[in-house]
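Chemist: Take a look at this one; I'll ask things after.
Protein chains in written order, with this note's numbering: chain A, 1073 to 1239; chain B, 11 to 283.
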């Protein structure tokens, strides 16, 4: 996929994350669209591609989120790495691997966020957050990610990366 | 092959994480607040446009047509109900408190402040922080620390300001602390945000018990919030004879997931936190 197309998709996802996603709340959780794209792209293209999407998508998310820049980018990069690790370690299953990856990515992303908030002097009550937010949102993201992976595979085929001509 | 890919992605993660950590630490410095605000301000028009498009498009979706109408009716009725509850709590508070004392504390003034209406254009992308973004910023006179309310009660305080947008740390945010009192029993304490419901730590007074349903209002102590804004209602009171502080669970007066319009109090100068 070209960088422009990837950038536009991530920009749209970041904007929808702060406007639409909170309206999709179920059992106290709502999906993280940028995280789903990052984890999905990692499953399509591996950890390297996923980390690049994490940085781009995370910085866009940081621009629409409160607090310093880089927080969401860092948490998403860790989530992409964890997803890539899972992908390399296990047999590819079209539904199970994405679902487990989605849940793992959500847990890693939130744990890194909690650690950064702690570092910045804004501690979050760990156990209540785990119970009320991280666990339900991991299930939510796990349910959605197989569809995201399917869409990303199709988009990747429909919008191929421009071929670089080397001399 | 697998091991090489693993070490390549580990290297990429480490270098990326180091660079991002430096960015986080740098942009959280007070000196970086200005450039950070300008960068975030550049995204505000896009958030306003997306939010407006969703509001427009949301009602037009045939599938959600009836559900959307019912939901908006429900929201309107809930808002009416919340406004009536606030009115009742304020009237009851007015009855309970001594009129002279209220004048001395400028209690009445807290309901006659200059207000600036603002639309909610975004919410925090994660569930760990419960802030909202509004479509008013430095250009409209918004400053950090300004108090934000809605028809139903207190929403929170402005925590970040860009040129045309601002971030409001809501009551339910984990970092939020609001000095408050229970309207009928008169116990004072602090309302603590816990990411969802609210908790209140109360200073006990012998023989005084807080009843569920009792309203909680800002006390004005510390001068971060004006006195008399409705915070929520007590849902449960935990009485422990040996405790140095009593505890209560509160239901917030404002539905933070549904609030779409807020009022910024522009003529109340809060003390530095």
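Built from N, CA and C at the ideal position, the CB exists for glycine as well. Please read all numbers here as calculations on a predicted model, not as lab measurements.
1. Under three-state DSSP, which class holds residue 259 of chain B?
2. Can you find a C-beta in chain A that's less than 9 Å from the C-beta of residue 204 of chain B?
3. As an exercise, report each continuous alpha helix (DSSP H) stretch of at least 4 residues that is fully enclosed by the stretch 210–241 of chain B, in chain order.
4. Give the straight-line distance between the Cα atoms of residue 1079 of chain A and residue 1129 of chain A, rounded to the nearest whole angstrom.
5. Under 6 Å Cβ to Cβ from residue 1131 of chain A, same chain only, skipping five residues before and after it: list those, please.
6. Under a CB-based cut-off of 9 Å, is residue 1173 of chain A close to chain B?
7. Quick one: list the residues of chain B neighbouring residue 1135 of chain A, beta-carbon separation under 8 Å, in chain order.
8. Helix, strand or coil for residue 63 of chain B, going by three-state DSSP, please let me know.
9. Between residue 178 of chain B and residue 169 of chain B, how many whole angstroms is the CB-CB distance? I'm expecting something under 8 Å.
10. So who's on the other strand from residue 275 of chain B, going by DSSP bridges?
11. So, helix, strand or coil for residue 177 of chain B, using DSSP?
12. For residue 280 of chain B versus residue 233 of chain B, is the C-beta distance shorter than 9 Å?
13. In this structure, does DSSP put residue 1186 of chain A in helix, strand or coil?
14. Might you give, ordered along the chain, the residues of its own chain that have their beta carbon closer than 7 Å to the beta carbon of residue 1180 of chain A, omitting 5 neighbours on each side?
15. Could you pull out every residue in the same chain whose Cβ sits closer than 6 Å to the Cβ of residue 74 of chain B, ignoring the five residues on either side in sequence?
16. Report yes or no: is there a C-beta of chain A within less than 9 Å of the C-beta of residue 257 of chain B?
17. Using beta-carbon positions only, say whether residue 1147 of chain A and residue 1188 of chain A come within less than 9 Å of one another.
18. Can you confirm whether residue 20 of chain B, when its beta carbon is compared against all beta carbons of chain A, has any partner nearer than 9 Å?
19. Which value, in whole angstroms, describes the spacing of the CA atoms of residue 1126 of chain A and residue 27 of chain B?
20. For a quick check, are the C-beta atoms of residue 180 of chain B and residue 165 of chain B less than 9 Å apart?
21. Quick check on the DSSP output: the beta strand (DSSP E) that includes residue 190 of chain B runs from which residue to which?
22. If I follow the unbroken alpha helix (DSSP H) through residue 1217 of chain A, where does it start and stop?
23. Rounded to whole angstroms, how far is the Cβ of residue 134 of chain B from the Cβ of residue 1137 of chain A, which I believe are closer than 8 Å?
24. At a CB-CB cut-off below 8 Å, which residues of chain B make contact with residue 1097 of chain A?
25. Which word fits residue 270 of chain B, buried or exposed, when buried means at least 16 other C-beta atoms lie within 10 angstroms of its C-beta?
26. Classify residue 163 of chain B as helix, strand or coil using the three-state DSSP reduction.
27. Can residue 1215 of chain A be considered in contact with the ligand FAD, in the sense that its beta carbon sits closer than 8 Å to one or more heavy atoms?
28. If you count every other CB in all the chains shown that lies within 10 Å of the CB of residue 118 of chain B, and 16 or more means buried, which is it?
29. Rounding to the nearest angstrom, what Cα-Cα distance links residue 83 of chain B and residue 35 of chain B in this structure?
30. Check the Cβ of residue 1102 of chain A against every Cβ in chain B and list those closer than 8 Å, keeping chain order.
31. Which whole-angstrom value is the C-beta distance of residue 197 of chain B and residue 218 of chain B, which I expect to be below 8 Å?
Modeler: The short version:
1. DSSP places residue 259 of chain B in strand when its eight states are reduced to three.
2. Yes, its Cβ sits closer than 9 Å to a Cβ of chain A.
3. Complete alpha helix (DSSP H) runs here, min 4: none at all.
4. Distance from the CA of residue 1079 of chain A to the CA of residue 1129 of chain A, rounded to the nearest whole angstrom, comes to 8 Å.
5. Excluding residues within five positions, the ones whose Cβ falls inside 6 Å are 1145.
6. At a cut-off of 9 Å between beta-carbon atoms, residue 1173 of chain A makes no contact with chain B.
7. Close partners of residue 1135 of chain A in chain B (Cβ separation under 8 Å): 49, 50, 52, 53.
8. DSSP, reduced to helix, strand and coil, places residue 63 of chain B within a helical segment of the structure shown.
9. Rounded, the Cβ-Cβ distance is 7 Å, consistent with contact.
10. Listed as beta-bridge partners of residue 275 of chain B by DSSP are B/125, B/157.
11. Shown here, residue 177 of chain B sits in a strand according to DSSP, grouped into three states.
12. For residue 280 of chain B and residue 233 of chain B, yes; Cβs fall inside 9 Å.
13. If DSSP states are grouped into helix, strand and coil, residue 1186 of chain A belongs with the helices.
14. Only 1150, 1151, 1154 meet the Cβ criterion.
15. The pLDDT assigned to residue 74 of chain B is 48, lower than 50, so where the model puts this residue is not dependable; a value taken from the coordinates is nonetheless given after this. Closer than 6 Å at Cβ, skipping near neighbours: no residue.
16. Judged by the 9 Å Cβ criterion, residue 257 of chain B is not in contact with chain A.
17. Yes; because the gap between Cβ atoms is below 9 Å, this pair is in contact.
18. Chain A contact via Cβ: present.
19. It is roughly 11 Å from the alpha-carbon of residue 1126 of chain A to the alpha-carbon of residue 27 of chain B.
20. For the 9 Å CB-CB criterion, residue 180 of chain B and residue 165 of chain B form a contact.
21. Start and end: 187–192.
22. That run of the alpha helix (DSSP H) goes 1207–1230.
23. Between residue 134 of chain B and residue 1137 of chain A the beta-carbon gap is near 6 Å, inside 8 Å, which marks them as a contact.
24. Within chain B, the residues near residue 1097 of chain A are 267.
25. Here residue 270 of chain B is exposed, its C-beta having fewer than 16 other C-beta atoms within 10 Å.
26. Taken through DSSP and simplified to helix, strand or coil, residue 163 of chain B comes out as strand.
27. For the ligand FAD, the structure offers nothing, since it holds no ligand at all.
28. Confidence is the limiting factor: at residue 118 of chain B the pLDDT is only 43, short of 50, which leaves the residue's position unreliable, though a coordinate-based value still follows. Classification of residue 118 of chain B: exposed, given that the 10 Å Cβ count is below 16.
29. Approximately 46 Å between the Cα atoms of the pair.
30. The answer, in chain order, is 137.
31. Residue 197 of chain B to residue 218 of chain B, Cβ: 6 Å. Contact.
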